[in-house]
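*Asks:* Have a look at this one.
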Amino acid sequence: MKTLTPTLGYWLKKIGFHRGAPRLWFETSRVGSAGLVPGSRFDVVALKQGIKLVPNVEGRYSVCSKVRSGRYLPVIDINSREVLAPLCGQQVVRVVVRLDGIFILRAASEQAKAERIERLCSKLAAGEQLASASIAHGAGVLSSAAHTGFSDAGLELSLKVLCEIDDTYVEQSLNCNPASAQSVPLCAPIQELVQDEWLMRQVPRVEVLEMGLPCSGASRAGKSKRGLSMMEDHPEVGHLIYAALALVQKLQPAAIVLENVEDYRGSASAQILRSQLRDMGYQVREHVLRAHDFGSLENRVRWAMVATTDGMPSVETVSPRGQVRGTTLGELLDVVDPEAACWSSMKYLKDKAIRDKAAGKGFAMQLVDGESTSVPTIRKSYNKGGSTDPYVRHPSDPDLMRKLTPTEHARIKGVPAELISGLSATAAHEVLGQGVAYEPFRALFRELAEAFKRLRERGPIMLGECATANRLNGTIG
């Protein structure tokens with residue numbers, strides 16, 4: 452279809468079934484805009500994604516008529532399996548009326564779903580790299596886990612586009628993250644990016660999309676700090692699901708992985724995402740990943756939504772590879788001189804702990820050492836030194852303690868140290884503290900890659916019905 456020819460009408464139509472064959476029936480004056488009026492004739496031309504009804508005075512088919520309320524309405528009746536073969540399997544179709552004829556095409560959601568599967572299958576068969584994109588990229592911890600997980604399964608990702616609002620993180624990722632070496636950085640708020648029509652026309656299609664939308668409004672601490680009744684009340688990040696879905700529409704990924712805090716799954720945004728992805732032809736699965744199950748000392752818990760295009764296998768479980776080995780913190784700590792300046796009494800924190808206890812707040816300092824088998828959550832503001840943050844106990848002086856170094860923080864989360872190379876301690880802890888524990892998501896992306904390989908071996912198997920037909924069954928004719 453050429454966009455220069457004006458569209459004179461558009462609607463959805465259910466495909467019927469009559470005498471053992473599919474049936475397309477029109478009884479409407481709207482087809483008259485294409486010259487199909489009672490008594491006229493037309494031909495049916497097969498297209499890749501449907502058929503076209505073309506006016507022709509010597510055409511094979513005729514337009515009949517029916518009287519309704521004293522008016523003669525054009526009637527078109529096509530009841531042929533052979534003629535409607537390009538629409539085989541479709542329950543609902545698009546009807547587009549133009550001056551040069553009427554196009555009967557797959558519903559947009561069904562056509563997009565088929566294109567995603569065909570594109571992915573073609574690349575898998577050819578052994579090509581699979582294109583990926585990253586939203587709310589940060590310094591690329593999730594992107595790195597995605598690339599490593601796919602590589603574990605024998606497939607390679609190529610990060611084409613990364614979206615990140617923070618210049619510092621973008622520069623860090625481009626310079627120090629191997630996953631980002633060939634990617635195009637889009638450094639702006641995603642709600643601004645999706646309004647840039649010039650840019651959106653250049654956004655490539657990808658096979659994998661990973662995103663970690665900001666959790667400031669979803670976490671319990673974030674809600675409490677701002678007094679939010681729901682996540683979407685957050686003035687800066689509460690509405691980002693709209694922009695994220697707009698990017699999904701442009702990128703058309705075969706699979707999507709969204710990670711966030713566990714509370715996000717109960718938000719309105721998560722429900723909007725579930726429903727819209729369903730209507731876009733995705734099968735949605737959700738997982739709660741506990742880092743301790745994957746060998747991490749810090750039991751960081753994250754929620755992951757994995758959406759795969761209908762036709763490919765879903766990711767039903769995420770498990771560690773092999774037996775998880777027990778680790779003590781001492782294996783991950785730097786060798787620090789007992790006389791180093793980093794050791795401190797941190798008297799101000801001890802005094803605060805005493806005040807908090809007296810006030811019944813229940814806050815307490817958390818000390819760890821080389822024998823520790825678990826570490827409390829290390830947050831993004833760790834370098835500021837909070838009263839409930841974990842500190843390393845001095846090996847011989849019980850009055851002294853120190854902060855974890857950024858490198859130690861990276862080891863605890865399983866993140867490659869190169870991703871924070873050259874960053875200040877404050878920036879490094881921010882990158883790690885708001886990122887994911889590495890191994891759970893490496894395992895998730897490995898499972899996703901295995902699902903891709905099963906698709907390559909057995910071909911697509913459609914599990915879901917046409918979402919458009921299901922949702923609009925009672926409102927279209």
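With positions in the sequence shown counted from 1, the corresponding number in the numbering used here is that position plus 451. Note that the Cβ used here is the ideal one computed from N, Cα and C, for glycine as well. From a predicted model like this one, the values you see are computed outputs, not experimental measurements.
In or out: I568 buried (at least 16 other Cβ within 10 Å) or exposed?
*Replies:* The residue in question, I568, is buried, as its Cβ has 16 or more Cβ neighbours within 10 Å.
*Asks:* Only counting the same chain, and skipping five residues up and downstream in sequence, which positions put a Cβ closer than 8 Å to that of C572?
*Replies:* Cβ neighbours of C572 beyond the five flanking positions: L906, R907, G910 and P911.
*Asks:* Out of curiosity, what's the CA-to-CA distance linking A559 and Q817?
*Replies:* Cα to Cα, the separation comes out at about 55 Å.
*Asks:* Between which two residues does the beta strand (DSSP E) harbouring I912 extend?
*Replies:* Here I912 belongs to no beta strand (DSSP E), and DSSP marks it neither H nor E.
*Asks:* Would you call the CB atoms of E489 and S516 closer than 7 Å?
*Replies:* A quick correction: the sequence has Pro, not Glu, at residue 489. Result yes, Cβ atoms of P489 and S516 sit closer than 7 Å.
*Asks:* How many whole angstroms separate the CB atoms of S872 and C614, which I take to be in contact at a CB cut-off of 8 Å?
*Replies:* At roughly 23 Å, the Cβ-Cβ gap does not stay under 8 Å, so S872 and C614 are not in contact.
*Asks:* Contact defined as beta carbons within less than 8 Å: I believe A587 pairs with P537. What is the distance between those atoms, to the nearest angstrom?
*Replies:* Incorrect: roughly 40 Å between the Cβ atoms, too far for contact.
*Asks:* Heavy atom of the ligand ATP less than 6 Å from the Cβ of M763, yes or no?
*Replies:* Among the ligands in the structure shown, none appear at all, so the ligand ATP cannot be discussed.
*Asks:* Reducing DSSP to helix, strand and coil, say where C614 ends up.
*Replies:* Reduced to three states, the DSSP call for C614 is strand.
*Asks:* Could I get the ranges of all uninterrupted beta strand (DSSP E) runs contained in the region 470-511, with 3 residues as the minimum, in chain order?
*Replies:* Runs of the beta strand (DSSP E) inside the region 470-511: 472-478, 492-498 and 501-506.
*Asks:* Suppose you measure from the CA of W794 to the CA of L855; what does that come to, to the nearest Å?
*Replies:* Taking the straight line joining both Cα atoms gives about 11 Å.
*Asks:* Please list, in chain order, all residues of the same chain as E881 whose beta carbon is under 7 Å from its beta carbon, the five residues on each side excluded.
*Replies:* Within the same chain, E881 has close Cβ partners K831.
*Asks:* Residues in its own chain within less than 7 Å of S631 by CB, not counting five upstream and five downstream?
*Replies:* Counting only Cβ-Cβ distances below 7 Å, and skipping sequence neighbours, we find G591, S594, L610, L613, S624 and L625.
*Asks:* Roughly how many angstroms lie between the CA atoms of R656 and K574, to the nearest whole one?
*Replies:* Taking the straight line from one Cα to the other gives about 13 Å.
*Asks:* Measuring alpha carbon to alpha carbon, tell me which residue in V508, Y693, L475 and R522 is nearest E533.
*Replies:* The shortest Cα separation from E533 among V508, Y693, L475 and R522 belongs to L475.
*Asks:* Measure the CB-CB distance between Y889 and A584 and report whether it falls below 7 Å.
*Replies:* Contact: no.
*Asks:* Exposed or buried, which one is E509 when buried takes at least 16 other CB atoms within 10 Å?
*Replies:* Burial call: exposed.
*Asks:* Counting along the chain, where does the beta strand (DSSP E) carrying M731 start and finish?
*Replies:* Taken as a continuous stretch (DSSP letters only), M731 belongs to no beta strand (DSSP E), as it is neither H nor E.
*Asks:* Just reading off the alpha helix (DSSP H) that R806 is part of, what are its end residues?
*Replies:* Here the alpha helix (DSSP H) through R806 covers K798 to A809.
*Asks:* Can you give me the C-alpha to C-alpha distance between W462 and T479, rounded to a whole angstrom?
*Replies:* Distance between the alpha carbons of W462 and T479: 12 Å.
*Asks:* When you compare each of L691, S520, M662 and L660 to P640 by their alpha carbons, which one comes out closest?
*Replies:* Here the closest residue by C-alpha is L691.
*Asks:* I'd like to know if C614 contacts chain B, where contact means its C-beta is closer than 7 Å to some C-beta of that chain.
*Replies:* Annotation note: the requested chain B is absent from the structure, which comprises a single protein chain.
*Asks:* Taking contact to mean at least 3 C-beta pairs separated by less than 8 Å, is the region 839-859 in contact with the region 888-902?
*Replies:* In short, these stretches do not touch, since the Cβ pair count stays below three.
*Asks:* Could you tell me which residues DSSP pairs with S609 in its beta bridges?
*Replies:* Paired residue(s): A582.
*Asks:* Is F554 helix, strand or coil by DSSP?
*Replies:* The answer is strand: DSSP assigns F554 an E or B state.
*Asks:* Quick one: what's got a C-beta closer than 7 Å to T828's C-beta in the same chain, skipping five residues either side?
*Replies:* Within the same chain, T828 has close Cβ partners E749 and R751.
*Asks:* Using CA coordinates, which residue listed in L783, A577 and A721 is at the minimum distance from T858?
*Replies:* Nearest option by C-alpha distance: L783.
*Asks:* Taking the DSSP output, what are the residues bridged to M662?
*Replies:* Note: M662 sits in a beta bridge opposite I586 and L709.
*Asks:* Is the Cβ-Cβ distance between S484 and L459 less than 7 Å?
*Replies:* Cβ atoms of S484 and L459: closer than 7 Å.
*Asks:* Is it buried or exposed, T599, if we count other Cβ atoms within 10 angstroms and call 16 or more buried?
*Replies:* Buried, since its Cβ has 16 or more Cβ neighbours within 10 Å.
*Asks:* Using DSSP's beta-bridge definition, name the partner residues of R753.
*Replies:* DSSP lists L740 as partners of R753.
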